[in-house]
Amino acid sequence: MLMSGKKHVFKMVPGQKFSCGFGNYETYSNIENPRSMKKVKLIPVSEEDDTLELSIKFCSDFLDRLGMYCVEEKIIQYIRDDRPGYYENSSSFAYDNDRLVKLSVNWGIRNKTGYHDFIGEELKYKYLTWEESGADDDKYYFSDKEGNIIDSPDNKILQYSMPHHDTAKVIEDITSSKIPKSVLISSEFAKTFFKNLTGNQLEILADILNNEKLQILAKSLTNKQLQVLAENLTDGQFLALVDHLTNHQLQALTHTLDPEKLRIIVPILNKDQITNLVKDLNLDQVKAIFPHFKTDQFMEAIKTISNDQFVELIKDASEEVINVIFGETVRSRLPVLVGTLKEDQLHNLINKLDHEKLAIVARELTDDSDKIQMVVKSLVNNPEKLKSFAHGMSHEQFTELLDNLGAGELRDIIHKLPYEKILSVIGDLRSKDQSNAIIDVLKEKLNEHSKQNKEMIEMLKQIKDDMPDIGQAPDFTIVDINNDSLLFI
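Quick note on our numbering: the sequence shown kicks off at 11 and runs consecutively.
Quick look at the structure:
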């Protein structure tokens with residue numbers, strides 16, 4: 011919805027030719043081509059806005075017997091009473107050839123004959139600004155290209171020349187009349203009415219139309235108008251509306267709705283709508299919309315989203331969610347993911363995979379030693395998963411890994427890898443120095459364990475000596491299981 015105080019700047023150019031049905035009793039002052047005048051077309055400076063046109067409607071002063079002589083596009087009539095939308099001594103803007111002019115009409119008598127004298131006052135304005143107030147008193151004024159106001163009495167005329175002025179009255183008419191479907195769905199009606207509705211007028215529309223008319227009219231709205239309308243509907247109205255939108259409208263609408271409206275719209279989308287929707291979602295929208303999917307929609311969406319979208323979706327998911335709810339999808343996408351993810355993305359994913367999926371990763375990284383080292387470093391603080399990943403590596407992969415470990419990495423990692431795997435490849439390393447370095451680090455680690463074990467044995471013996479009532483106990487025995495020395499009493 012348009013925010014209060016937002017400015018929309020337009021460049022003025024000649025638009026469509028218009029006819030006022032001029033008769034025989036008219037004269038023209040400073041108008042070069044009265045039969046080929048053109049409406050003022052408003053070209054938006056910003057791509058966010060739509061093209062508009064200024065309306066043609068101006069009147070003479072009030073004549074006692076006849077009323078006001080009023081000119082509109084294709085209509086000339088006398089207005090006898092104070093009808094809304096018609097103003098005494100009013101003017102309109104138009105193009106006479108390439109000149110912007112202010113049109114007005116006066117009544118005069120020459121040679122005992124009454125004439126309507128049409129006057130064109132040339133103007134130099136090039137830009138017009140529409141400033142929304144958030145209420146019903148939007149401002150319209152001539153301006154420079156940046157939207158800075160040009161102080162002029164002509165700005166007052168703009169207040170009833172802009173197309174939004176007339177549509178406010180038409181909305182009121184809708185409330186008191188039954189417009190046939192044939193009229194509502196006509197392209198002419200949509201073109202002349204709905205195209206130029208403001209946010210405030212759309213709010214009024216949401217309040218007064220029943221579901222049937224909403225469904226018909228929605229097809230004539232732009233995406234921006236549809237968003238404003240949807241935000242102001244009740245939940246019931248919104249549900250009634252959604253089922254009648256085109257796929258394009260639905261897709262555009264879902265991209266812009268707040269979480270509450272998303273909660274309503276998403277569960278009723280069909281398979282094709284889900285597919286069309288999710289493929290264009292940005293990463294933030296992916297995370298916002300997925301919690302609202304039903305199970306079958308969820309599975310359909312998962313098959314459709316890109317790898318980047320999928321990574322964003324599971325980025326903050328727990329290990330259980332990744333391996334259970336997303337399990338099958340993760341399994342099928344892993345070959346691509348491990349080859350394309352950046353280091354931080356891969357680190358986040360790897361640490362949440364179960365042992366089965368880590369084995370898949372190991373198999374897929376056959377020819378990528380850099381990625382293998384990246385995975386190993388990611389798992390260095392997760393020893394069980396590191397061992398699981400290492401067990402899944404081929405003989406060649408594991409050999410290359412050990413070949414490429416630097417001195418610092420050796421100390422951090424080697425003792426966390428399976429000893430039997432290390433022993434099986436130690437003789438195949440390219441460098442004898444590397445083999446010796448690995449053996450030295452392992453010896454050092456084993457000596458540390460041995461020292462710790464001896465200290466533990468002595469401490470336990472002391473406890474046994476200090477507590478004779480503990481009864482008879484067997485001697486201490488040390489058993490090595492999975493690289494760790496365990497003590498049995």
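Even glycine gets a Cβ: it sits at the ideal position worked out from N, Cα and C. Only a predicted model underlies this, so the values are computations on that prediction, with no experimental measurement involved.
Cutting at 6 Å between CB atoms, please list the residues of its own chain near Lys16, excluding the five before and the five after it. These residues qualify, in order along the chain: Glu142.
Using DSSP with H/G/I as helix, E/B as strand and the rest coil, what is Tyr125? Tyr125: strand per DSSP, three-state reduction.
Can you list, in chain order, the stretches of the beta strand (DSSP E) that have 3 or more residues and sit fully within the segment 46-97? As far as the segment 46-97 is concerned, its whole beta strand (DSSP E) runs of at least 3 residues are 48-54, 67-73, 77-82 and 85-89.
Hey, could you find the ends of the alpha helix (DSSP H) Ile338 is sitting in? The identity of residue 338 in the sequence shown is Glu, whereas the question assumes Ile. Going by DSSP, Glu338 is part of the alpha helix (DSSP H) stretching over Gly337 to Thr350.
Hey, is the segment 120-131 in contact with the segment 153-163, meaning 3+ C-beta pairs nearer than 8 Å? Contact between the segment 120-131 and the segment 153-163 is absent, with fewer than three C-beta pairs closer than 8 Å.
Indicate whether Ile53 and Lys21 have their beta-carbon atoms separated by less than 9 Å. Closer than 9 Å, so yes.
On the criterion of 16 or more Cβ atoms from any shown chain inside 10 Å, does Thr244 qualify as buried, or is it exposed? So Thr244 counts as exposed.
Please name the residue in Leu412, Leu427 and Glu338 whose C-alpha comes closest to that of Leu440. Rather than Leu, the amino acid found at residue 440 in this sequence is Arg. Out of Leu412, Leu427 and Glu338, Leu412 has the C-alpha closest to the C-alpha of Arg440.
Per DSSP, the bridge partner or partners of Ser506: As displayed, the chain neither begins before 11 nor continues past 499, which places residue 506 out of reach and without an answer.
Report the rounded CA-to-CA distance for Lys426 versus Leu347, giving the unit in angstroms. About 26 Å.
Assigned secondary structure, Ile315 (DSSP; H/G/I helix, E/B strand, else coil): Three-state result, Ile315: coil.
Contact belief for Asp318 with Leu293 at Cβ below 8 Å, rounded distance in angstroms: Between Leu293 and Asp318 the Cβ distance is about 7 Å, and since that is below 8 Å, they are a contact.
Quick one: grab the DSSP three-state call for Tyr151. Tyr151: strand per DSSP, three-state reduction.
Counting C-beta neighbours from all protein chains within 10 Å, is the total for Val390 16 or more, i.e. buried, or is it exposed? By the Cβ-count criterion, Val390 is exposed, with fewer than 16 other Cβ atoms from all chains shown falling within 10 Å of its own Cβ.
Could you tell me which residues DSSP puts in a beta bridge with Phe103? Partner(s): Lys112.
Between Phe303, Ile129, Leu263 and Met403, which lies nearest to Ser70 when the distance is taken from Cα to Cα? Nearest option by C-alpha distance: Ile129.
Please list, in chain order, all residues of the same chain as Thr232 whose beta carbon is under 7 Å from its beta carbon, the five residues on each side excluded. Here the set comprises Asp60.
Using the rule of at least 16 other Cβ atoms within 10 Å of the residue's Cβ for burial, across every protein chain shown, is Ala447 buried or exposed? Burial call: buried.
Lys27 and Lys51 - do their beta-carbons sit closer together than 9 Å? Going by C-beta atoms, Lys51 is not nearer than 9 Å to Lys27.
Just grab the DSSP bridge partners of Pro24 for me. For Pro24, DSSP records a beta bridge to Val50.
Cα-Cα separation, Lys362 to Asn457: Taking the straight line joining both Cα atoms gives about 33 Å.
Rounded Cβ spacing between Leu323 and Phe300 (contact assumed at less than 8 Å): Contact between Leu323 and Phe300 holds, with the beta-carbon distance rounding to 6 Å and staying under 8 Å.
For Leu138, the three-state DSSP class (helix, strand or coil): Three-state DSSP puts Leu138 in a strand.
Where His302 sits in the DSSP three-state scheme: Note: His302 maps to helix in three-state DSSP.
Nearest residue (CA-CA) to Ile315, options Asp450, Gln295 and Asp326: For the set Asp450, Gln295 and Asp326, the Cα lying nearest the Cα of Ile315 is the one of Gln295.
By the three-class DSSP mapping on this structure, what secondary structure does Ser39 have? Ser39 falls in the strand class under three-state DSSP.
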